[in-house]
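These notes concern the structure reproduced below.
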Amino acid sequence: MRTLTTLTGNSQKLDGGAMFGNAPKALWQRWMPADELNRIDLGCRALLVQEDERNILVETGIGAFFSPELKQRFGVQQDCHVLLDSLAAVGLSDADIDIVVLTHLHFDHAGGLLAAWQADQPPRLLFPNARFITGHRQWQRARQPHARDRASYIPELLDLLETSGRLHLVDETERCELLGPDWRLHWSDGHTPGQLLPEVAMPGGPVVFPGDLIPGAPWVHLPITMGYDRFPEGLIEEKEALLADLLARGGRLVFTHDPDVAMGRVTQDEKGRYGLDEAANAAHLLAN
1 MRTLTTLTGN SQKLDGGAMF GNAPKALWQR WMPADELNRI DLGCRALLVQ
51 EDERNILVET GIGAFFSPEL KQRFGVQQDC HVLLDSLAAV GLSDADIDIV
101 VLTHLHFDHA GGLLAAWQAD QPPRLLFPNA RFITGHRQWQ RARQPHARDR
151 ASYIPELLDL LETSGRLHLV DETERCELLG PDWRLHWSDG HTPGQLLPEV
201 AMPGGPVVFP GDLIPGAPWV HLPITMGYDR FPEGLIEEKE ALLADLLARG
251 GRLVFTHDPD VAMGRVTQDE KGRYGLDEAA NAAHLLAN
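The numbers in full-length UniProt numbering rise by one with no breaks, and the one at position 52 of the sequence shown is 52.
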């Protein structure tokens, strides 16, 4: 039996122009209205996959590791570690997680691996019994970042992952022995090198966690990219390939940053424009 459950983590407010790249505000504010500082609401959603007497968590969100000053700068909205509360709501703690899959290592996707900030205390790694899976090239990027994204990584977290002895770096193949045959891996370089996009087999069609390739429902539209993306034109081509594949197989997407839409099934209209059906603000899927 396999169960998929979306879990909320800490939310953020980030600049809407940065999140929508070269799309004009007149367009994107219809999807996500901005506040007086031009910021939009963003979620940091994780996916809990329970199967074969093991608990697998896809991403951990931004967490609460930032100091108060950086918390304000990056628009983190809660003081507590919300993902831990979401795990507790389904009867689990971080110690119950067997595997954590990280699409990439930017702080808003991996920061939840760390305990909440405490004054005069060093960073502390949570999930003491989990093995951590991420892409080999993404790890290399994190260890030797470009000036463009150096601030997106947490050096202390990388050190803790490396010294844990539980870090599993994956080369860019479709399968990962640690995850098993019902998991398929997609890969993307448009946002950051070696981003890993896990796919889980379900009776109603495959479910893909597309990370920052498609961070929310508005970004399903092919031309929409983020200002944070390393290679927007390549990202659009990767996005089109993934959406076409999922459309053919009746697949669904789970969005990490969309504050309102957790999951939707890929559709395409008569003009060839991709969209979503069966959009839901939370998901709990059961496969017998």
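Glycine residues also receive a C-beta, built at the ideal position from the N, C-alpha and C atoms.
Start-to-end residues for the alpha helix (DSSP H) that takes in residue i
i, result
"F107", "107-110"
"T142", "Here the sequence assigns Ala to residue 142, which means Thr is not the residue at that position. Where A142 is concerned, the enclosing alpha helix (DSSP H) stretches over 136-143."
"G16", "16-19"
"D159", "155-164"
Beta-carbon proximity list for residue i, same chain, < 6 Å, skipping 5 on both sides
i, result
"L102", "A110, T134"
"L169", "H136, W139"
"F20", "W28"
"G194", "G135, R137, Q138"
"R184", "E174, E199"
"E51", "R2"
Cβ shell of residue i (< 7 Å), same chain only, five flanking positions each side left out
i, result
"L87", "L7, S93, D94"
"D277", "G264, R265, T267"
"P259", "S11, D41, L42, G43"
"C80", "A64, A116"
"P203", "A287"
"A234", "In the sequence as presented, Ala is not what sits at residue 234; that position holds Gly. Only D189, G190 meet the Cβ criterion."
"E240", "L222"
"F127", "D94, I97, V100, L113"
"L157", "A110, L113, L114, P123"
"A282", "T6, A262"
Beta-carbon spacing of residue i, residue j below 7 Å
i, j, result
"F65", "V76", "no"
"R230", "T192", "yes"
"L42", "T60", "no"
"P232", "T225", "yes"
"P123", "L113", "no"
"P206", "L197", "no"
"L14", "R39", "yes"
"I236", "L222", "yes"
"L242", "L4", "no"
"V200", "Y274", "no"
"G216", "H257", "yes"
"A142", "L179", "no"
"L160", "L167", "no"
"R131", "I97", "no"
"I62", "D108", "yes"
"G16", "A34", "yes"
"A18", "G227", "yes"
Helix, strand or coil at residue i according to DSSP, with G and I counted as helix
i, result
"V90", "coil"
"W126", "It is Leu, not Trp, that sits at residue 126 in the sequence shown. It is coil, neither helix nor strand."
"L37", "coil"
"R2", "strand"
"S188", "strand"
"I99", "strand"
"M202", "coil"
"G75", "coil"
"K25", "helix"
"G251", "coil"
"G211", "coil"
"D277", "strand"
"V49", "strand"
"I236", "helix"
"L42", "strand"
"A282", "coil"
"A241", "helix"
"L113", "helix"
Sequence-distant residues of the same chain with beta carbon closer than 8 Å to residue i, five excluded per side
i, result
"A280", "V261, A262, M263, G264"
"E238", "S188, D189, G190, L213"
"V90", "T5, L7, L48"
Any non-hydrogen atom of the ligand MN closer than 6 Å to residue i Cβ
i, result
"V220", "Only the bare structure without any ligand can be found here, which leaves the ligand MN out of the picture."
Start-to-end residues for the beta strand (DSSP E) that takes in residue i
i, result
"G264", "263-268"
"H146", "That residue, H146, is in no beta strand (DSSP E); it is neither H nor E in DSSP."
"I56", "54-58"
"H168", "167-170"
*asked:* Across the stretch 14-28 and the stretch 263-271, are there enough close Cβ pairs to call them in contact, namely three or more that are closer than 8 Å?
replied: no
*Are the stretch 142-154 and the stretch 175-185 touching by the rule of at least three beta carbon pairs closer than 8 Å?*
no
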